[in-house]
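A.B. asks:
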Amino acid sequence: MDSSTLIESFAEFAKRKNIDRPTMIRILEDVFKTMIRKKFEHDDNFDVIVNADKGDLEIWRFREIVDDNSEDIWDYDKISLSDARKIEPDFEIGEEVAEEVKLVDFGRRAVLTARQTLIQKVKDLEKDILFQKYKDRIGEVITAEVYQTLSREVLLIDADDNELSLPKGEQIPKDKYRKGDQVRAIVHKVEMYNGNPKIILSRTSPAFLERLFENEVPEIFDGLITIKKIERVPGERAKVAVESYDERIDPVGACVGMKGSRIHSIVRELRNENIDVINYTDNVELYIARALSPAKIIRCEVNEEEQRVSVFMKPDQVSLAIGKGGFNIRLASRLAGYEIDVYRDVDESEDDVVLDEFSDEIDTWIIEELRRVGLDTAKSVLALSQEELVKRTDLEDETIAEIQKILRQEFE
Numbered sequence: 022m023d024s025s026t027l028i029e030s031f032a033e034f035a036k037r038k039n040i041d042r043p044t045m046i047r048i049l050e051d052v053f054k055t056m057i058r059k060k061f062e063h064d065d066n067f068d069v070i071v072n073a074d075k076g077d078l079e080i081w082r083f084r085e086i087v088d089d090n091s092e093d094i095w096d097y098d099k100i101s102l103s104d105a106r107k108i109e110p111d112f113e114i115g116e117e118v119a120e121e122v123k124l125v126d127f128g129r130r131a132v133l134t135a136r137q138t139l140i141q142k143v144k145d146l147e148k149d150i151l152f153q154k155y156k157d158r159i160g161e162v163i164t165a166e167v168y169q170t171l172s173r174e175v176l177l178i179d180a181d182d183n184e185l186s187l188p189k190g191e192q193i194p195k196d197k198y199r200k201g202d203q204v205r206a207i208v209h210k211v212e213m214y215n216g217n218p219k220i221i222l223s224r225t226s227p228a229f230l231e232r233l234f235e236n237e238v239p240e241i242f243d244g245l246i247t248i249k250k251i252e253r254v255p256g257e258r259a260k261v262a263v264e265s266y267d268e269r270i271d272p273v274g275a276c277v278g279m280k281g282s283r284i285h286s287i288v289r290e291l292r293n294e295n296i297d298v299i300n301y302t303d304n305v306e307l308y309i310a311r312a313l314s315p316a317k318i319i320r321c322e323v324n325e326e327e328q329r330v331s332v333f334m335k336p337d338q339v340s341l342a343i344g345k346g347g348f349n350i351r352l353a354s355r356l357a358g359y360e361i362d363v364y365r366d367v368d369e370s371e372d373d374v375v376l377d378e379f380s381d382e383i384d385t386w387i388i389e390e391l392r393r394v395g396l397d398t399a400k401s402v403l404a405l406s407q408e409e410l411v412k413r414t415d416l417e418d419e420t421i422a423e424i425q426k427i428l429r430q431e432f433e
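FYI, in the working numbering the residues of the sequence shown are 22 to 433.
1) Could you check what DSSP says for D362 in three-state terms: helix, strand or coil?
2) Evaluate P272 with the Cβ neighbour count: other Cβ atoms within 10 Å of its Cβ, from every protein chain shown; 16 or more gives buried, anything less gives exposed.
3) With a threshold of 16 other CB atoms inside 10 Å of the CB of M213, please say whether the residue is buried or exposed.
4) With 16 other CB atoms within 10 Å as the buried threshold, where does Q407 fall?
5) Classify D362 as buried or exposed, calling it buried when 16 or more other Cβ atoms lie within 10 Å of its own Cβ.
6) By DSSP's criteria, W81 is part of a beta bridge. Which residues make up the other side?
7) Please name the residue in R224, S331, S265, V332 whose C-alpha comes closest to that of E290.
8) Would you kindly check if the distance between the Cβ of I251 and the Cβ of C276 is under 9 angstroms?
9) Name the residue from I80, V167, V118, I193 whose alpha carbon lies nearest to the alpha carbon of K200.
10) For N66, which residues in the same chain have their Cβ closer than 6 angstroms to its Cβ, ignoring the five residues on either side in sequence?
11) For Q192, which three-state DSSP category applies?
12) Using C-beta distances below 7 angstroms, list every residue in its chain close to P315, excluding the 5 sequence neighbours before and after it, in chain order.
13) Give me the residue from A357, L133, D384 with the minimum Cα distance to S30.
14) Since A165 is in the beta strand (DSSP E), which residue starts that stretch and which ends it?
15) Which first and last residues belong to the beta strand (DSSP E) in which F61 is found?
16) Where does S172 land, buried or exposed, given buried means 16+ other C-beta within 10 angstroms?
17) Mind checking L428: buried by the 16 CB within 10 Å criterion, or exposed?
18) Under a Cβ-count criterion, where at least 16 other Cβ atoms within 10 Å of its own Cβ denotes burial, should I108 be classed as buried or exposed?
19) Got a sec? Which residues, its chain only, sit under 6 angstroms from S370 by beta carbon, not counting five neighbours each side?
20) Evaluate contact between the region 207-222 and the region 146-166, counting only Cβ atoms and requiring at least three cross-stretch pairs below 8 angstroms.
21) Any contact between the region 185-195 and the region 102-122? By contact I mean 3 or more CB pairs, one from each, below 8 angstroms.
22) N236 by DSSP, collapsed to three states: which one?
23) So V330 packs on Y359, CB below 8 angstroms; how close in whole Å?
24) Could you tell me the distance, in whole angstroms, from the CA atom of A131 to the CA atom of E62?
25) At the level of alpha carbons, what is the spacing between N293 and N324?
26) From the DSSP output, in three-state form, read off F333 for me.
27) Taking only the alpha-carbon atoms, compute the straight-line gap between K280 and K144 and give it to the nearest angstrom.
28) Is the region 307-314 touching the region 226-246 in the sense that three or more CB pairs, one from each, lie closer than 8 angstroms?
29) Given a cut-off of 9 angstroms on the beta-carbon distance, is the pair V71 and I100 in contact?
30) Does DSSP put P218 in a helix, in a strand, or in coil?
31) Can you round the beta-carbon distance between V204 and T164 to whole angstroms, since I take them to be within the 8 angstroms contact cut?
32) Quick one: give me the first and last residue of the beta strand (DSSP E) that L177 is part of.
33) Mark I452 as exposed unless 16 or more other C-beta atoms lie within 10 angstroms of its C-beta, in which case mark it buried.
34) Compute the Euclidean distance between the alpha carbons of V69 and L176, then round it to the nearest angstrom.
35) Kindly list the residues whose CB is nearer than 7 angstroms to the CB of S354, restricted to its own chain and excluding five residues on each side of it in sequence; keep chain order.
36) Below 8 angstroms on the Cβ atoms is my guess for I309 versus V332; work out the distance and round it to an integer in Å.
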């Protein structure tokens with residue numbers, strides 16, 4: 022294989038891989054200098070000249086002429102006078118000899134190795150470019166096409182046919198995809214896996230919801246409204262705390278839009294995820310009251326040392342505060358940064374007993390579990406069926422039956 026064929030074939034391959042010209046020249050020079058070092062041990066006194074457009078390659082070796090009896094005659098950058106005059110008869114000691122080295126001088130095997138090395142270097146460079154491209158795009162929403170659905174992940178391709186991964190854990194539970202579907206997701210992370218870049222997307226990340234709000238709400242994109250915090254149970258419920266830097270702008274109204282026009286498209290994208298947008302405030306009690314929306318609270322007591330809040334509300338508001346599957350209170354706790362305990366605000370005139378009064382008959386951890394779902398009095402527990410209590414708590418049937426028996430005896 023001559024030099025022009027090698028250069029031209031490599032240049033064409035590099036062009037297909039979108040490798041820019043300076044990088045291509047650098048790769049060529051590096052590979053040829055490696056060939057030189059293997060054959061001559063040193064490359065300091067060699068010049069490699071590449072013209073990728075014409076497929077030209079020139080390799081020049083430079084050596085200084087010394088006397089035949091000189092001690093330096095064996096240095097890699099020296100040549101004896103007699104050897105120099107074989108190249109050009111009028112050379113003199115001290116002059117420099119420039120000798121062109123042909124590609125054929127390296128041998129056929131070395132040339133074939135060089136070709137494989139060039140291709141491998143371009144492939145490695147292509148991986149590095151892809152890795153860096155998506156590393157710079159972490160946190161950005163992209164659209165890609167599904168080309169294969171697997172049990173543990175969905176594989177997608179972008180506009181440049183690069184492979185992207187949407188793992189099962191980063192999908193909204195209600196997501197269902199078929200080949201050819203267009204998917205919007207956020208670039209979650211980029212990592213090297215067995216020497217190949219793996220681009221991982223996410224639809225469950227709070228950052229994905231934040232980017233969707235930025236796309237739909239111009240005031241957020243322009244910086245007039247800021248998203249202070251987002252907490253999600255993907256596909257079920259989300260709470261978004263927002264704050265306006267312009268007192269003339271209502272941040273909640275701007276995010277929801279006229280008749281919900283702005284938030285509806287976000288809800289559809291997230292498979293009907295229920296999104297509560299609340300107005301952020303530094304007032305802890307007011308912030309927690311807003312976080313527990315749609316439930317209405319009567320009062321709350323904040324324990325800063327333990328980072329706990331006791332919230333009191335009417336009995337009919339407790340189920341709203343807890344929410345389906347306990348999502349509402351869980352998200353409110355995470356949003357506010359406090360552990361929230363919900364209590365029924367019962368009139369003293371009512372014939373009811375708080376569960377703490379039964380601590381000598383019912384284990385403390387069981388009372389805490391009932392409190393976790395908003396049940397803090399005997400009547401509130403007895404008001405629910407055994408089946409409903411099993412659903413709401415992590416307690417066994419036998420345990421609940423025993424608890425209800427103890428509580429009924431109190432009123433009998």
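All C-beta atoms in this analysis are idealised placements derived from N, C-alpha and C, irrespective of residue type, glycine included.
C.D. replies: So, from the data block:
1) Locating residue 362 in the sequence shown gives position 341, where the first residue counts as 1. Three-state result, D362: strand.
2) Locating residue 272 in the sequence shown gives position 251, counting from the first residue. Buried.
3) Numbered from its first residue, the sequence shown carries residue 213 at position 192. Classification of M213: exposed, given that the 10 Å Cβ count is below 16.
4) Translated into positions along the sequence shown, residue 407 becomes position 386. Exposed, because fewer than 16 other Cβ atoms sit within 10 Å of the Cβ of Q407.
5) Working through the sequence shown from its first residue, we reach residue 362 at position 341. D362 is buried by the Cβ-count criterion.
6) Here residue 81 refers to the residue found at position 60 when the sequence shown is read from its first residue. As DSSP reads the structure, W81 sits in a beta bridge with D68, E121.
7) Against the sequence shown, residue 290 aligns to sequence position 269. Nearest of R224, S331, S265, V332 to E290, Cα basis: R224.
8) The sequence position of residue 276 within the sequence shown is 255, counting from 1. The sequence position of residue 251 within the sequence shown is 230, counting from 1. Note that the C-beta distance between C276 and I251 is not below 9 angstroms.
9) For the purposes of this step, residue 200 is taken as residue 179 along the sequence shown, with counting starting at 1. For the residues I80, V167, V118, I193, the minimum Cα distance to K200 belongs to V167.
10) Counted from its first residue, the sequence shown places residue 66 at position 45. Excluding sequence positions up to five before and after N66, its CB lies within less than 6 angstroms of the CB of F83, D98, all in the same chain and listed in chain order.
11) Within the sequence shown, residue 192 is the residue found at index 171, counting from 1. In the structure shown, Q192 sits in coil (DSSP, three-state: anything other than H, G, I, E or B).
12) By 1-based counting over the sequence shown, the position of residue 315 is 294. Around P315: L341.
13) Here the question's residue 30 lines up with position 9 in the sequence shown. That would be L133, whose Cα lies nearest to the Cα of S30.
14) The sequence position of residue 165 within the sequence shown is 144, counting from 1. That run of the beta strand (DSSP E) goes 162-170.
15) As a first step, residue 61 must be located in the sequence shown, where it is residue number 40. Note, F61: premise wrong, no beta strand (DSSP E); alpha helix (DSSP H) at 42-61.
16) Residue numbering aside, residue 172 sits at position 151 when the sequence shown is read from its first letter. Exposed, because fewer than 16 other Cβ atoms sit within 10 Å of the Cβ of S172.
17) The residue labelled residue 428 in the question sits at position 407 within the sequence shown. So L428 counts as buried.
18) Reading the sequence shown from its first residue, position 87 is the one you call residue 108. So I108 counts as exposed.
19) Position 349 of the sequence shown, counting from 1, holds the residue named residue 370. Per-residue confidence for S370 stands at a pLDDT of 41, beneath the threshold of 50, marking its modelled position as unreliable; the derived number appears in the next sentence. Excluding sequence neighbours, S370 sits near nothing in its chain.
20) Per the Cβ contact rule, the region 207-222 is in contact with the region 146-166 (3 or more Cβ pairs under 8 angstroms).
21) no
22) Translated into the one-based positions of the sequence shown, residue 236 becomes position 215. If DSSP states are grouped into helix, strand and coil, N236 belongs with the helices.
23) As a first step, residue 330 must be located in the sequence shown, where it is residue number 309. As a first step, residue 359 must be located in the sequence shown, where it is residue number 338. Their Cβ separation, rounded to whole angstroms, is 5 angstroms, which keeps V330 and Y359 in contact under 8 angstroms.
24) Taking the sequence shown and counting its residues from 1, the one referred to as residue 131 is at position 110. Taking the sequence shown and counting its residues from 1, the one referred to as residue 62 is at position 41. Each residue's CA atom was taken as its position, placing A131 and E62 some 15 angstroms apart.
25) Here the question's residue 293 lines up with position 272 in the sequence shown. Here the question's residue 324 lines up with position 303 in the sequence shown. Rounded to the nearest angstrom, the two C-alpha atoms are 36 angstroms apart.
26) Mapped onto the sequence shown, residue 333 falls at position 312. In the structure shown, F333 falls within a strand segment according to DSSP collapsed to helix, strand and coil.
27) Position 259 of the sequence shown, counted from the start, is the residue given in the question as residue 280. Position 123 of the sequence shown, counted from the start, is the residue given in the question as residue 144. Roughly 52 angstroms separates the two Cα atoms.
28) no
29) Looking up residue 71 in the sequence shown gives position 50. Looking up residue 100 in the sequence shown gives position 79. No, the pair does not count as a contact, with Cβ atoms beyond the cut-off.
30) Within the sequence shown, the letter at position 197 stands for residue 218. Three-state DSSP puts P218 in a strand.
31) The residue given as residue 204 occupies position 183 in the sequence shown. The residue given as residue 164 occupies position 143 in the sequence shown. Their Cβ separation, rounded to whole angstroms, is 7 angstroms, which keeps V204 and T164 in contact under 8 angstroms.
32) Position 156 of the sequence shown, counted from the first residue, corresponds to residue 177. L177 -> beta strand (DSSP E) spans 174-178.
33) With the chain running from 22 to 433 in the structure shown, residue 452 is simply not present.
34) Your numbering for residue 69 matches position 48 in the sequence shown. Your numbering for residue 176 matches position 155 in the sequence shown. So the two alpha carbons sit approximately 44 angstroms from each other.
35) Residue mapping note: residue 354 aligns to position 333 of the sequence shown, counting from 1. Apart from sequence neighbours up to five positions away, the residues of its chain that approach S354 with a beta-carbon distance below 7 angstroms are E360, I361, ordered along the chain.
36) Numbered from its first residue, the sequence shown carries residue 309 at position 288. Numbered from its first residue, the sequence shown carries residue 332 at position 311. About 7 angstroms; that satisfies the 8 angstroms criterion.
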